[in-house]
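Student:
In our numbering, the protein residues as written are 1189 to 1316.
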């Protein structure tokens, strides 16, 4: 087995499960017969693991080749935009679960999205 095969298989599984939880969280949770209270705690830990893993990937990517950094930057930009959408869904509306300080998370996500957009699209044009 090579890194390439392992990365591809891992990416497909994690991406598919992430999309399921993003698009149809109820369906995803029903697959494991999870109740809401325990589910919230468990998924908070799962998100924590995902964020810690992403942090490690981005940290080690700082020394990767420029082409790899560009692809990771594209993924990070897409992730930041999706995170902003989900955060807005959590902030806006009478039944929104985020009641306080959601704007802080939204601003952090916006700053990262702008940073990745700058590095991917504007900075290369400025260097020409």
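For each residue, glycine too, the CB sits at the ideal point set by N, CA and C. Bear in mind the structure is a predicted one, so any value in this text is a computation, not a measurement.
Would residue 1230 pass as a contact of residue 1265 if the rule is Cβ separation under 8 Å?
Tutor: No, the Cβ-Cβ distance between residue 1230 and residue 1265 is not below 8 Å.
Student: If I follow the unbroken alpha helix (DSSP H) through residue 1296, where does it start and stop?
Tutor: 1290-1305 is the extent of the alpha helix (DSSP H) around residue 1296.
Student: Of all the options 1270, 1245, 1195, 1256, which has the alpha carbon lying nearest to the alpha carbon of residue 1298?
Tutor: If we check each option's Cα against that of residue 1298, 1270 comes out closest.
Student: Within the continuous alpha helix (DSSP H) that includes residue 1222, where are the two ends?
Tutor: Residue 1222 -> no alpha helix (DSSP H), and no H or E assigned at all.
Student: So what does DSSP say about residue 1212, is it helix, strand or coil?
Tutor: The answer is coil: DSSP assigns residue 1212 none of H, G, I, E or B.
Student: Around the Cβ of residue 1215, are there at least 16 other Cβ atoms within 10 angstroms (buried) or fewer (exposed)?
Tutor: Its Cβ having fewer than 16 others within 10 Å, residue 1215 is exposed.
Student: On the criterion of 16 or more Cβ atoms from any shown chain inside 10 Å, does residue 1281 qualify as buried, or is it exposed?
Tutor: Counting Cβ neighbours within 10 Å, residue 1281 comes out exposed, since fewer than 16 surround it.
Student: Under 8 Å by Cβ, that's how I've got residue 1300 and residue 1256 pegged, so tell me the actual separation to the nearest angstrom.
Tutor: No, residue 1300 and residue 1256 are not in contact; Cβ-Cβ is about 19 Å, not under 8 Å.
Student: Would you report the Cα separation of residue 1224 and residue 1273, rounded to the nearest angstrom?
Tutor: Approximately 23 Å, taken between the alpha carbons.
Student: Got a sec? Which residues, its chain only, sit under 8 Å from residue 1156 by beta carbon, not counting five neighbours each side?
Tutor: Nothing in the structure corresponds to residue 1156, since the chain is present only between 1189 and 1316.
Student: Quick check: what's the CA-CA separation for residue 1289 versus residue 1296?
Tutor: Roughly 12 Å separates the two Cα atoms.
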